[in-house]
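Student: For the sequence shown, the positions run 36 to 464 when the working numbering is used.
Mind having a look at this structure? Questions to follow.
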Amino acid sequence: MNYQRSSALFVEAQKVIPGGVNSPVRAFKAVGGDPIFVEKAKGAYLYDVDGNKLIDYINSWGPMILGHAYEPVVNAVIEKAKKGTSFGMPTAIETEIAALAVSMVPNVDKIRFVNSGTEACMSAVRLARGFAGKDKIIKFAGCYHGHSDSFLIQAGSGAVTFGTPNSPGVTEGTAKDTLLAIYNDLDNVAEVITANKDEIACIILEPVAGNMGCIAPAEGFLQGLRKLCDENNILLIFDEVMTGFRLAAGGVQELLGVKADIVTFGKVIGGGLPVGAFAARTEIMDYLAPIGPVYQAGTLSGNPLAMAAGLAMLKELNANKDVFNSINKKTEYLHKGMDETFNAGGVRFTINRIGSMISVHFSETPVTDFTSAANANNENFKKFFHGMLNEGIYIAPSAFETWFICDALSYEDLDTTIAACRKVAKTLK
Ligand code: PMP
């Protein structure tokens, strides 16, 4: 396949946009080569500026659960746009989508809409701190909650020590309030809590992780966190930006039956427009301005186009819960096909999957946390990525990302993908 025009556009982009992209992972730094510039997308396919048609396993990093340019969503946006694109005043559609979202998600009474997953998580943490009257938070190494300062923290010298900034611009002062813990390691979390008794406002995590590749919570991990939170008066925040309205209508809370205190959303809830949201029971949500003391705001929050897209998407998912079954089955089919292919090719690999989230690590040993994900063979991943791209299959350009399956994918597309894997497997060590 030829990607000449994309490469030319990348050269131009780099002159006026840092690194040529508006979000770093798009630049293909983890896999090398030039990024692909998209012309349009429909259903399961991307069409790039060189005229290539690619089967898309990213789906805008998750939101396109029903495929690209899904007609009810597109039409809802067009109709809304005709009536004006932003007012900074209340609109009825905000209540409509809020009521629907709250009815779909367990354990929440109220929801507030923002413009991104970052904003949702940042606001949820502020709310948790304000509500709990404590400053420190626990996050897990390898979990991503957006680029707000409190989350750009890496482990310090020991698991129980304070974190240190992992980006210039994040202050030591901010870092000291973020404690790092190891995913799927309850003993480690208990240790961190004990070392910071009565100082921790909340634990935030991806209840199914998607930012170290896909990593499911170990049996009992989420239940154990719930217990630790209850015993220590800590709020539990599920970041369901990836998993919300994808792994089940009610997200991981519904899927695995564990209750969170605050839940954050993004991606699917906006139907592909820039939307995030956070939700909780009334007692917590009413701590927000204008009725409570915790300030949070946004000129474009609840934007009519974004609400129209999100509402069209949620209505579809709410009316047709079979979608979840359907995407899960497709993902299972792909999983099985890749398993057989890699095994036959003698490739050392681990495929993690939960529902319609799946990822491949070139590792012989199980991948259960950040360290085991980082120990996988990245050279093989790079080869795999470019090999698949050459076959017209677009997977996440980093082993630390998850593939998202959409319902527009046909079994024929999946067979094409598995056949491509068979070919590419021959080039792997
Ligand atoms: N939380 C999770 C789990 C995410 O995966 C992401 C982004 N991929 C975010 C938060 C941040 O969302 P956004 O990029 O919309 O700010």
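Every residue gets a Cβ at the ideal spot worked out from N, C-alpha and C, and that includes glycine.
#1: By a C-beta neighbour count over all protein chains shown, 10 Å radius and 16 as the cutoff for buried, is Gln-39 buried or exposed?
#2: Given a threshold of 16 other Cβ atoms within 10 Å of its Cβ, counted over all protein chains shown, does Pro-252 qualify as buried or as exposed?
#3: Can you look up Ala-251 in the DSSP assignment and give me helix, strand or coil?
#4: Let's test the definition: count the other Cβ atoms within 10 Å of the Cβ of Ala-354 and tell me whether it reaches 16, buried, or not, exposed.
#5: Assign Glu-266 to one of three DSSP states: helix, strand, or coil.
#6: Quick check: what's the CA-CA separation for Glu-414 versus Met-320?
#7: Closer than 6 Å by C-beta to Gly-390: which residues in its own chain qualify, once you throw out the five before and the five after it? Chain order, please.
#8: Identify the residues that DSSP records as bridge partners of Ile-428: which are they?
#9: As a quick exercise: from Glu-207, Asp-91, Ile-173, pick the residue whose alpha carbon is nearest that of Trp-438.
#10: Bridge partners for Thr-130 per DSSP, in chain order?
#11: Is Met-277 a contact residue of ligand 1, with contact defined as CB to any heavy atom under 7 Å?
#12: Taking Glu-234 and Asp-170 to be in contact with their CB atoms under 8 Å, please state how far apart those CB atoms are, rounded to whole angstroms.
#13: Cα-Cα, which of Gly-55, Val-329, Ser-95, Gly-245 is closest to Arg-388?
#14: Just to confirm, does Glu-399 get its C-beta within under 7 Å of one of the non-hydrogen atoms of ligand 1?
#15: Going straight from the alpha carbon of Phe-175 to that of Tyr-218, what length do you get?
#16: Using the Cα positions of Val-108 and Met-99, report the straight-line distance between them to the nearest angstrom.
#17: Do Trp-96 and ligand 1 come close, with the Cβ less than 7 Å from some heavy atom?
#18: Please report the residue range of the beta strand (DSSP E) in which Val-395 lies.
#19: Using a Cβ distance threshold of 8 Å, determine whether the region 134-151 contacts the region 324-336, with at least three qualifying pairs required.
#20: Taking 8 Å as the cut-off, decide whether the C-beta atoms of Gly-181 and Met-157 are in contact.
#21: In chain order, what residues of the same chain lie with their CB nearer than 6 Å to the CB of Asp-212, ignoring the 5 residues before and after it?
#22: Considering Cα atoms alone, identify which of Asp-222, Val-160, Asn-87, Thr-403 is closest to Lys-75.
#23: Grouping DSSP H, G and I as helix and E and B as strand, with all else coil, what is Glu-74?
#24: Can you tell me which of the three DSSP states Val-402 falls into?
#25: Suppose you measure from the CA of Ala-434 to the CA of Met-124; what does that come to, to the nearest Å?
#26: May I ask whether a heavy atom of ligand 1 can be found less than 7 Å away from the beta carbon of Thr-213?
Tutor: So, to answer that:
#1: With fewer than 16 other Cβ atoms within 10 Å, it is exposed.
#2: Result: buried.
#3: Coil.
#4: Looking at its Cβ environment, which holds fewer than 16 other Cβ atoms inside 10 Å, Ala-354 is exposed.
#5: Helix, per DSSP.
#6: For the pair Glu-414 and Met-320, the Cα-to-Cα distance works out to about 46 Å.
#7: Taking Gly-390 as the centre and dropping the five residues before and after it, the same chain places the C-beta of Leu-282, Asn-363 closer than 6 Å to its C-beta, in chain order.
#8: Per DSSP, the beta bridge partners of Ile-428 are Ile-90.
#9: Closest by alpha carbon: Asp-91.
#10: Its beta-bridge partners do not exist; DSSP assigns none.
#11: Met-277 has its CB nearer than 7 Å to a heavy atom of ligand 1.
#12: The beta-carbon separation of Glu-234 and Asp-170, rounded to 7 Å, stays under the 8 Å limit for a contact.
#13: Its Cα nearest to that of Arg-388, the residue Gly-245 stands out among Gly-55, Val-329, Ser-95, Gly-245.
#14: It does not: the Cβ of Glu-399 is nowhere closer than 7 Å to a heavy atom of ligand 1.
#15: One C-alpha to the other measures close to 6 Å.
#16: Straight through space, the alpha carbons of Met-99 and Val-108 are spaced by roughly 10 Å.
#17: Yes, Cβ of Trp-96 sits closer than 7 Å to a heavy atom of ligand 1.
#18: Looking at the DSSP string, the run of the beta strand (DSSP E) that includes Val-395 is 392-396.
#19: By the criterion of at least three beta-carbon pairs nearer than 8 Å, the region 134-151 is in contact with the region 324-336.
#20: Yes, the pair counts as a contact, with Cβ atoms nearer than the cut-off.
#21: Excluding sequence neighbours, Asp-212 sits near Asp-170, Lys-171.
#22: Here the closest residue by C-alpha is Asn-87.
#23: Glu-74 falls in the strand class under three-state DSSP.
#24: DSSP places Val-402 in coil when its eight states are reduced to three.
#25: Each residue's Cα considered, the two are about 42 Å apart.
#26: Thr-213: no, Cβ never under 7 Å from ligand 1.
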